[in-house]
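Chemist:
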Amino acid sequence: MIRSYRLSSGSTSGGAGASGATATTTTEIIGRVIAVGVIYNGSPPASTDVTVATVAAVGSPAITLVGLTNANSDVWVYPAAALTTSAAAAVTYDATNEIYVGQPIAGEVSLTVARANDDDSVDICLVVDEG
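Residues in the sequence shown are numbered consecutively from 3, following our numbering.
(1) Exposed or buried, which one is Ala91 when buried takes at least 16 other CB atoms within 10 Å?
(2) According to the Cβ coordinates, are Val57 and Val40 closer than 8 Å?
(3) Report the residue ranges of all beta strand (DSSP E) runs contained in full by the segment 76 to 123; include only those spanning at least 3 residues, in chain order.
(4) Assign Arg117 to buried or exposed, taking buried as 16 or more other Cβ atoms, counted over all protein chains shown, within 10 Å of its Cβ.
(5) By the DSSP assignment, the beta strand (DSSP E) with Gly39 in it spans what residues?
(6) Give the straight-line distance between the Cα atoms of Ala48 and Ser123, rounded to the nearest whole angstrom.
(7) Measure the Cβ-Cβ separation of Ala20 and Gly12 and say whether it is below 8 Å.
(8) Using three-state DSSP, classify Gly12 as helix, strand or coil.
(9) For Asp131, which option in Tyr95, Pro106, Ser112 has the closest C-alpha, if you only look at C-alpha atoms?
(10) Mind checking which residues open and close the beta strand (DSSP E) that includes Gly69?
(11) If we call anything under 8 Å between Cβ atoms a contact, is Gly44 one with Asp121?
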């Protein structure tokens, strides 16, 4: 089943070009991330940074799904993970080109905005295949 999750950073604070905000989902998300839509609200400067990542937990390091630096235009990002063998070797279809799939995740997701202006915000739409 394909499902979308929405998360807003809330208003940033901290001064012009130095404002930030962080938000985290309240539920665990399990599946393969197909896409992440990023929507900038207000008038964020071109210096704005946005990070969308899973929250690290015991036995599960954080995974960065989106890392936008010096950006302020709405965008869709399609996170992908390269398939590997149990020995962490790349799986390829012709001994050269890796095979990619939607990034698997299991946990909460955080949205961090940095270097924005006061009262800016960012919304994300996380599209996940839960099948």
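Just so it is clear, CB atoms sit at the ideal spot from N, CA and C, and this is done for glycine as well.
Modeler: Let me lay it out:
(1) exposed
(2) no
(3) 77 to 79, 82 to 84, 102 to 109, 111 to 118
(4) buried
(5) 31 to 43
(6) 14 Å
(7) no
(8) coil
(9) Pro106
(10) 66 to 70
(11) yes
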